[in-house]
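So the sequence lines, in the order shown, correspond to chains A and B. Mapping of the first sequence onto my numbering: position 236 corresponds to residue 237, and the numbering continues sequentially without gaps. Mapping of the second sequence onto my numbering: position 8 corresponds to residue 15, and the numbering continues sequentially without gaps. Every residue, glycine too, gets a C-beta built ideally from N, C-alpha and C. Values in this document were obtained by computation on a predicted structure and should not be read as measured data. Okay, structure first, notes after.
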Amino acid sequence: MMDQTTRDDLLKLFQSKLNQAMRFYLETCSRCGVCVEACHVYASMGQVKNISAYRHEIVRRIYKKYYKARGKVWPSVGEAKELSDMALEELYEAAYTCTGCRRCMVYCPHGIDTQMIMSIAKLLLVGAEAEPEILTMLADTSIEKGKSLDLFKENFLTGIKNLESKVVKKWKIDAGETAIPVDFKGADLLYVALAGAHSIVPAAVIFNAAKENWTLSYFEAVNFGAFVGDPTRTKLILDRIINEATRLGVKEVCICECGTAFRVMKQMADKQPFKVSSITEVHARYLREGRIKIDKSTLDDPVTYHDPCQLARNAGVIDEPRYILQHLTDDFRDMTSDVRYNWCCGGGGGLVALGDETLDFRMKSASVKVDQINETGAKILATACENCHTQLSDLNEHYEMGVDVRFLSSMIADALVQSA
Amino acid sequence: MSGEDIVVDKVMDLKGMPCPMPIVKMSKGIKDVEIGQVVEALTTDPGALADFPAWARTSGNEIVKTDQEGDVIKFYIMRKA
Ligand code: SF4
Ligand code: SF4
């Protein structure tokens, strides 16, 4: 049973989240029901507990018990509820079946942000050490890398050297140039990738083709502190990249195809001496400025594009991927006429990182996404987020969709034209 | 300790996996061996090369040896925790 000290500590965490916006979200739901069909989990599985307003209610009832509503509006919220072990279990269920896609927010007449409300649930779980262990472990690994970089540098540089021939094979560089520069002071752009070669090689090929003055970060872009909803860890992970960018004096930090990494970094951008861009924005810019050319004839099949929620709905990168796709194909088939209403892939919020543990749920909760993709008749499914790519590949296999799931960046790299 | 002296109890091929699967699989896989036994993990991904030692430090396990064969890097990780 939860003791009083633990409860008090958790309530302090709850309190730390109660800014003006959060109080508004917690005090304003009018139970209009507009959000019922908005959540892909509910739309796919039909269980009431997955309606977004129901998720809010789990947090709201605890709020009602311990905090006074400031405004006059006090909706017909259910009974106030004590913060107990059972309440924590409900918070877990609500938070870790929500991908934080914020589709429901677009529907809600008050703009109630479920992801924000779920961030209270996630923080309480971290405080009670009841969060998914694996996410904290991943976050701590990232933090450790930041603390002891000198111990890991050599390994990383060896891995990078091994990749350089793959980069040069796709794009010839001039003698004396480095195919993948790392730690280069004087670079204009710092590229922050992920651990996998697939996140480095195509990007390097395109940077070299565009003659970008760039350098690769020692760190991975993904922020598991954000997935697990721990502001302290989120900041420590971010600081590694901010410090590196500041030390190198770059003008721009370019985040790889990872939606959450981009959104988290972008939120900090106005306080930094550098601009923050997603790699998709940078690629669109290269095309617009004529710095790269791509051959439209490389793709024979119809193409559709999945907008990663954290990149599109939640960070506004919508036109750029479409501009890129215009250069890649004459048969682009949009999934939706309004990207704000695009279905989530079902893998966000840390669910993909939880791997096999969440696979069954991820497959069942995203059947509306599968229908949306199938309706386009496209055979190539492009996206620009690692998390979405993994989830879409899992859906492709599970539902035997028969599409080819591709990263936009690798499609560009494969279609680059190098004049003799 | 040379590569030949190490008795490997489990081999894990983590090449080319999406983020963050190499570390997720590793942290689960190491639980399949007893404390004192060794997992051999194969990877080609530069980030994973730095991630494994960081993970070993935070999880209290020990990388007893690192080998390279062509592009493939092999970590020998002893379960300590
Ligand atoms: S944020 Fe997305 S997953 Fe969460 S309740 Fe809203 S629609 Fe559902
Ligand atoms: S749409 Fe907004 S106001 Fe209406 S029930 Fe859902 S959360 Fe409440």
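In or out: A:Ile121 buried (at least 16 other Cβ within 10 Å) or exposed? buried
First through last residue of the beta strand (DSSP E) which encompasses B:Phe82: 79-85
Considering only heavy atoms of ligand 2, does any lie closer than 7 Å to the CB of A:Ile113? yes
So with CB distances below 9 Å, who are the chain B contacts of A:Ala188? Going along chain B, no residue has its Cβ under 9 Å from A:Ala188, so there is no contact; the nearest lies around 18 Å.
When you check each C-beta in the stretch 157-182 of chain A against every C-beta of chain B, which residues fall closer than 7 Å? Phe157, Thr159, Gly160, Ile161, Asn163, Leu164
Just checking: is the beta-carbon of B:Gly36 within a distance shorter than 8 Å of some beta-carbon in chain A? no
At which residue ranges does the stretch 291-366 of chain A contain complete alpha helix (DSSP H) runs of 4 or more residues, listed in the order of the chain? 320-329, 357-365
Between A:Lys73 and the rest of its own chain, which residues show a CB-CB distance below 8 Å, the 5 nearest in sequence each way excluded? Residue confidence is low: A:Lys73 scores 43 on pLDDT, short of 50, so the model does not pin down where it sits. Its coordinate-derived value is still stated next. Same-chain partners within the cutoff: there are none.
According to DSSP, residues forming a beta bridge with A:Thr216: A:Leu191
What residue range does the beta strand (DSSP E) around A:Ser410 cover? It is not in any beta strand (DSSP E) - A:Ser410 instead sits in the alpha helix (DSSP H) that spans 409-416.
Outcome for A:Arg56 when other beta-carbon atoms lying within 10 angstroms are tallied against a minimum of 16: buried
Are the C-beta atoms of A:Val74 and some chain B residue less than 8 Å apart? The predicted position of A:Val74 is uncertain, since its pLDDT is 48 and thus under 50; a value taken from the coordinates is nonetheless stated next. Chain B contact via Cβ: absent.
Just tell me which of A:Asp151, A:Ser45, A:Pro110, A:Glu80 has its CA closest to the CA of A:Arg32. A:Pro110
When you measure from the CB of A:Arg104 to every non-hydrogen atom of ligand 1, does any distance come out below 7 Å? yes
Give the straight-line distance between the Cα atoms of A:Thr142 and B:Ile37, rounded to the nearest whole angstrom. 16 Å
Is the Cβ-Cβ distance between A:Leu409 and A:Ile295 less than 8 Å? no
Determine the contact status of B:Ile1 and B:Asp58, defining contact as a CB-CB distance below 8 Å. Here chain B has residues from 8 to 88 only, and residue 1 of chain B is not among them.
For the beta strand (DSSP E) containing A:Leu382, list its first residue and its last residue. 381-384
Residue-chain proximity (B:Ile84, chain A), Cβ-Cβ < 8 Å: no
Beta strand (DSSP E) containing A:Ile256: first to last residue? 253-256
Ignore the nearest five residues each way along the sequence and tell me which others in A:Trp215's own chain have a CB closer than 6 Å to its CB. Ala188, Leu190, Tyr192, Phe208
Against B:Val5, what residues of chain A qualify as contacts under a CB-to-CB distance less than 7 Å, listed in chain order? In the structure as shown, chain B begins at 8 and stops at 88. Residue 5 of chain B is therefore absent and cannot be evaluated.
By Cβ distance, which residues of its chain are closer than 7 Å to B:Ala88, with the 5 residues on each side in sequence left out? Ser66, Gly67, Asn68
Between A:Glu132, A:Arg61, A:Val206, A:Thr137, which has its C-alpha nearest A:Lys170's C-alpha? A:Val206
Backbone CA spacing between A:Cys389 and B:Pro25 [nearest angstrom]: 11 Å
CB contact check: A:Ile201 to chain B, cutoff 8 Å: yes
Give the residues from the stretch 36-62 of chain B that approach chain A closer than 7 Å (Cβ to any Cβ), ordered along the chain. Thr51, Asp52, Pro53, Gly54, Ala55, Leu56, Ala57, Asp58, Pro60, Ala61, Trp62
From what residue to what residue does the alpha helix (DSSP H) around A:Ser45 run? 41-46
Any heavy atom of ligand 4 closer than 7 Å to the Cβ of A:Gly260? Here the bound small molecules are ligand 1 and ligand 2; ligand 4 is not part of this structure.
Along the stretch 60-79 of chain B, what residues have a CB closer than 8 Å to any CB found in chain A? Pro60, Ala61, Trp62, Arg64, Thr65, Ser66, Thr73, Gln75, Asp78
Should A:Ser120 be counted as a contact of ligand 2 given a C-beta to heavy atom distance under 7 Å? no
Quick check: the Cα distance between A:His307 and A:Thr98, rounded to an integer number of angstroms? 20 Å
By how many angstroms is the C-alpha of A:Pro232 removed from the C-alpha of A:Ser53? 23 Å
Per DSSP, what kind of secondary structure is A:Ile201 in: helix, strand or coil? coil
Hey, A:Val369 and A:Ser45: beta-carbon distance below 8 Å or not? yes
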